[in-house]
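Asks:
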Amino acid sequence: MVQELCQSLYDDKEEMALALEDTTIVLSALVPWSVAAAVPLAALGASSWGIAAAVYLYLQPLWSWLRTSFRKREQGA
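Everything in the sequence shown is counted per numbering that gives the first Met the number 0, starting at 0 for the first residue and increasing by one.
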């Protein structure tokens with residue numbers, strides 16, 4: 000559904016796939032009450048503070064945002 004709503008925003012399908020991954024897949028696990036976070040934490044018997052230890056989930060979207068910003072800056076220069 001998200002792909003259908005956002006397909007007019009991106010010309011490049013790979014760029015759209017990466018944006019969808021960063022937003023709908025990776026960031027959903029950072030919300031403590033989402034299934035993507037609650038099930039693994041419950042299976043491990045960990046507290047919700049385990050989300051803070053998910054460093055990759057914070058760094059991956061940040062890295063994508065920085066990479067996209069630098070690409071746009073290089074294309075504009």
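For every residue, glycine included, the Cβ atom is placed at its ideal position computed from N, Cα and C.
So, is V30 buried or exposed, given that buried needs 16 or more other C-beta atoms within 10 angstroms?
Replies: Its Cβ having fewer than 16 others within 10 Å, V30 is exposed.
Asks: Tell me the rounded alpha-carbon separation between V34 and L40.
Replies: Near 10 Å, if we compare the C-alpha coordinates of L40 and V34.
Asks: Looking at L19: is its Cβ nearer than 8 Å to the Cβ of Q2?
Replies: Against a cut-off of 8 Å, the Cβ pair of Q2 and L19 comes out as a contact.
Asks: Rounded to whole angstroms, what is the Cα-Cα separation between D11 and R66?
Replies: Between D11 and R66, the C-alpha separation is close to 15 Å.
Asks: Taking its Cβ as the centre, do 16 or more other Cβ atoms sit within 10 Å of I24, making it buried, or is it exposed?
Replies: The residue in question, I24, is exposed, as its Cβ has fewer than 16 Cβ neighbours within 10 Å.
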